[in-house]
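S.K.:
2 protein chains.
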Amino acid sequence: MCIPGCLERVQKELTRRQVLAGAAAITGLAMTGRDASAAGKRGRAASRSFQRVVELTHPYSDKFPHWRGDASVVQRTVVSSTDVGEDWNVYQWLLDEHAGTHIDAPFHRNADGMTVDQIPAEDLVLPLAIVDIRSRASQDDDAEVTPDDLKAWEKKYGDFPDDCCVAMNSGWDKHVWSEKFINFDDNQVRHFPGFHVEAAQYLLEEWNVKALAVDTPSLDQGRTADYPVHVAWLGSNRWGLENVANLARVPAWGSTIVVGAPRIVGATGGHSRTFALV
Amino acid sequence: MCIPGCLERVQKELTRRQVLAGAAAITGLAMTGRDASAAGKRGRAASRSFQRVVELTHPYSDKFPHWRGDASVVQRTVVSSTDVGEDWNVYQWLLDEHAGTHIDAPFHRNADGMTVDQIPAEDLVLPLAIVDIRSRASQDDDAEVTPDDLKAWEKKYGDFPDDCCVAMNSGWDKHVWSEKFINFDDNQVRHFPGFHVEAAQYLLEEWNVKALAVDTPSLDQGRTADYPVHVAWLGSNRWGLENVANLARVPAWGSTIVVGAPRIVGATGGHSRTFALV
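Residue numbers (our numbering), protein chains in the order written: chain A, 1 to 278; chain E, 279 to 556.
1. Pair every Cβ in the stretch 441 to 451 of chain E with every Cβ in the stretch 516 to 527 of chain E, then say whether three or more of these pairs are closer than 8 angstroms.
2. Taking all protein chains shown into account, decide if serine 72/A is buried (16 or more other Cβ within 10 angstroms of its Cβ) or exposed.
3. Could you tell me whether any Cβ in chain A is nearer than 7 angstroms to the Cβ of asparagine 367/E?
4. For the candidate residues Trp177/A, Gly222/A and Gly254/A, whose alpha-carbon lies nearest to that of glycine 194/A?
5. Leaving out five residues on either side along the sequence, give the residues of the same chain with a beta carbon under 6 angstroms from the beta carbon of glycine 235/A.
6. Using DSSP bridges, identify the partner residues of leucine 436/E.
7. Quick check on the burial criterion: 16 or more other C-beta atoms within 10 angstroms. Buried or exposed for phenylalanine 553/E?
8. Give the residues of chain E in contact with glutamate 97/A, contact being defined as C-beta atoms less than 8 angstroms apart.
9. Kindly indicate the opening and closing residues of the beta strand (DSSP E) around glutamine 221/A.
10. Considering just the uninterrupted stretch of the alpha helix (DSSP H) at proline 506/E, what are its terminal residues?
11. Name the chain D residues that come within less than 9 angstroms of glutamate 364/E, Cβ to Cβ?
12. Helix, strand or coil for histidine 108/A? Go by DSSP, reduced to three states.
13. DSSP beta-bridge partners for valine 536/E?
14. Name the chain E residues whose beta carbon is nearer than 8 angstroms to that of serine 236/A?
15. Per DSSP, tryptophan 93/A forms a beta bridge with which residues?
16. Taking the alpha carbon of valine 403/E as the reference point, which residue from Ser272/A, Ala267/A and Val258/A has its own alpha carbon closest?
17. I'd like to know if the stretch 431 to 438 of chain E and the stretch 407 to 418 of chain E are in contact, where contact means that at least 3 CB-CB pairs between them fall below 8 angstroms.
18. Return the chain-ordered list of same chain residues with a C-beta closer than 6 angstroms to the C-beta of glycine 306/E, the five sequence neighbours on each side being excluded.
19. Glycine 538/E touches chain A at which residues, Cβ-Cβ below 7 angstroms?
20. Determine, using beta carbons only, whether proline 193/A comes closer than 7 angstroms to chain E.
21. State the Cα-Cα distance for the pair proline 217/A and arginine 346/E, rounded to the nearest angstrom.
22. Per DSSP, what kind of secondary structure is arginine 249/A in: helix, strand or coil?
23. Confirm, please, whether the CB-CB distance from aspartate 159/A to lysine 210/A is below 7 angstroms.
24. Could you tell me which of Asp365/E, Gln370/E, Thr379/E and Ser359/E sits nearest to histidine 336/E, measuring between CA atoms?
25. What does valine 332/E touch in chain A if you count any residue whose Cβ is under 8 angstroms from its own?
26. Span of the beta strand (DSSP E) holding leucine 241/A?
27. Roughly how many angstroms lie between the CA atoms of lysine 341/E and aspartate 186/A, to the nearest whole one?
28. Does the Cβ of alanine 503/E have 16 or more other Cβ atoms within 10 Å, making it buried, or fewer, making it exposed?
29. Straight-line CA distance for glutamate 86/A to methionine 392/E?
30. Spell out whether any CB of chain E is found under 7 angstroms from the CB atom of proline 59/A.
31. By DSSP, does arginine 190/A sit in helix, in strand, or in coil?
32. By the three-class DSSP mapping on this structure, what secondary structure does proline 65/A have?
33. When the Cα atoms are used, what is the spatial distance from arginine 76/A to serine 61/A?
34. Is the separation between the beta-carbon of aspartate 104/A and that of glycine 269/A shorter than 7 angstroms?
35. With DSSP run on the structure shown, which of helix, strand or coil describes arginine 412/E?
36. Under the assumption that threonine 424/E contacts histidine 469/E (Cβ atoms under 8 angstroms), give the Cβ distance between them as a whole number of angstroms.
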């Protein structure tokens with residue numbers, strides 16, 4: 001009773017999921033991302049393994065290029081030696097929430113969304129799927145991840161894993177210490193890659209995806225005026241991650257992203273030490 | 279040519295390491311922690327797997343009990359809507375480095391030690407060994423982890439894994455929102471559990487340990503005047519983690535701790551989202 005192509009799909013699905021789940025026994029098509037309600041629960045319980053750790057965080061200081069174009073608010077206060085003793089070093093820091101490698105909590109652009117401290121630990125450790133648009137972004141500063149890019153990823157690597165984070169690798173992290181990173185034109189319009197809103201909507205509608213990540217300063221491409229990806233994605237109570245480093249050192253699928261988002265009560269975002277477990 | 283007890287030791291070692299390393303083939307005693315130079319390299323390459331994520335971070339706000347006894351420096355600045363648009367929420371934060379669940383970088387008490395941003399990613403994702411002194415700490419606010427506690431752990435669970443983090447579970451995290459957490463007496467002396475310096479020295483000399491963690495405000499017990507554990511441990515260019523939550527939800531061995539230490543250039547410590555992968 002198999003429709004055309006079904007057997008091949010089951011076969012592909014079984015093979016890929018068996019690899020993803022390691023030694024865990026996988027038995028059928030119920031594990032596909034499209035069957036989100038059942039699959040999310042079972043996918044999360046699957047065994048995950050790794051052998052090495054990749055740094056996905058840029059060093060953060062007042063030198064970090066801010067989205068606004070001016071300096072990041074990173075200021076250090078030295079706590080006096082009368083407080084702590086002369087052999088000790090203790091500082092306080094004034095920090096921007098939305099600079100450096102940082103999380104966007106849903107509340108950043110959704111009055112009813114979660115603040116950073118409300119995001120559960122389980123939701124900050126996710127399967128990582130990386131969509132590589134470096135070739136196009138090297139020719140076009142306004143390149144975007146489109147639904148076609150996502151479908152091409154599926155064709156090459158299989159379904160997007162349940163509860164995953166989908167990351168754009170545009171190669172933009174190599175510009176981080178130059179003006180190219182924010183890339184203002186003469187009209188003060190920014191130019192850097194991001195997700196197209198149709199790609200965000202495709203992931204919201206077709207797959208069971210928890211988070212988006214980009215190696216540029218914004219989920220939306222630089223020249224946007226209305227930030228439709230922020231509106232759609234954070235509006236769905238999902239989180240984003242911006243200014244990610246070193247995605248080229250991580251395979252397109254099979255690794256885990258761990259986002260050390262600060263558990264600060266009420267935060268809308270914040271510098272987040274981020275690793276890939278590969 | 280086996281000395282008495284050697285065969286049993288090899289057998290125990292093989293069994294335990296095989297479990298720790300998952301499917302990876304382990305072949306002999308060269309993997310013990312005491313043979314640190316060879317074992318560290320091989321231990322790090324071993325496969326690590328997990329099925330669930332445990333939150334080890336307390337929520338951080340100005341309500342968090344500060345080591346000094348006054349308020350934690352957590353202050354929020356609301357970025358004005360003229361900067362970001364009225365539908366957006368964006369803040370800046372003034373934060374203490376040494377409050378909440380936080381890392382102590384070696385530089386905190388070692389002028390030649392690493393700052394937080396200098397700690398490699400690989401060193402923030404470590405096998406976790408938990409030493410449980412809850413029974414004693416429930417009777418004695420000044421309880422300490424001693425070398426005997428560590429030897430008892432070894433007897434029960436085997437060698438400390440290479441490059442591991444050794445954590446004290448004193449059960450103190452349950453006091454976090456009460457005065458008992460800092461626990462000043464009438465003479466303004468603090469009383470809470472910590473590591474005894476001899477335990478720190480035992481781990482430095484006998485095992486290949488990267489980090490110490492405690493569920494109290496300090497690696498040293500509260501009533502110390504000279505902080506010998508900080509001096510010895512940070513002095514060896516190793517890091518510590520304080521105010522850890524929920525260690526009772528993690529098994530004594532076999533899990534991985536991930537410390538999202540902020541990659542802030544020059545920091546001596548900082549609020550660190552921390553997970554156990556179990």
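Every residue gets a Cβ at the ideal spot worked out from N, C-alpha and C, and that includes glycine. Nothing here was measured: the structure is a model prediction, and the numbers come from that model.
M.R.: So, to answer that:
1. yes
2. buried
3. yes
4. Gly222/A
5. Asn110
6. The sequence given here places glycine at residue 436/E; leucine does not occur at that position. Answer by DSSP bridge pairing: none, since glycine 436/E is not bridged.
7. buried
8. Val368, Tyr369, Gln370 and Trp371
9. Careful: glutamine 221/A lies outside any beta strand (DSSP E) and carries neither H nor E.
10. 506 to 513
11. Absent from the structure: chain D. Protein chains present are A and E.
12. helix
13. Val403/E and Phe553/E
14. Those do not exist, as serine 236/A stays about 15 angstroms from chain E at its closest Cβ, beyond 8 angstroms.
15. Arg76/A and Leu373/E
16. Val258/A
17. yes
18. Since pLDDT at glycine 306/E reaches only 31, below the 50 mark, its modelled position is unreliable, and the value read off the structure follows with that caveat. Closer than 6 angstroms at Cβ, skipping near neighbours: no residue.
19. Gly260, Ser272 and Arg273
20. no
21. 38 angstroms
22. helix
23. no
24. Thr379/E
25. Ala121
26. 239 to 242
27. 47 angstroms
28. exposed
29. 18 angstroms
30. yes
31. strand
32. strand
33. 10 angstroms
34. yes
35. helix
36. Not quite, the Cβ-Cβ distance comes to about 17 angstroms (not below 8 angstroms), so this is no contact.
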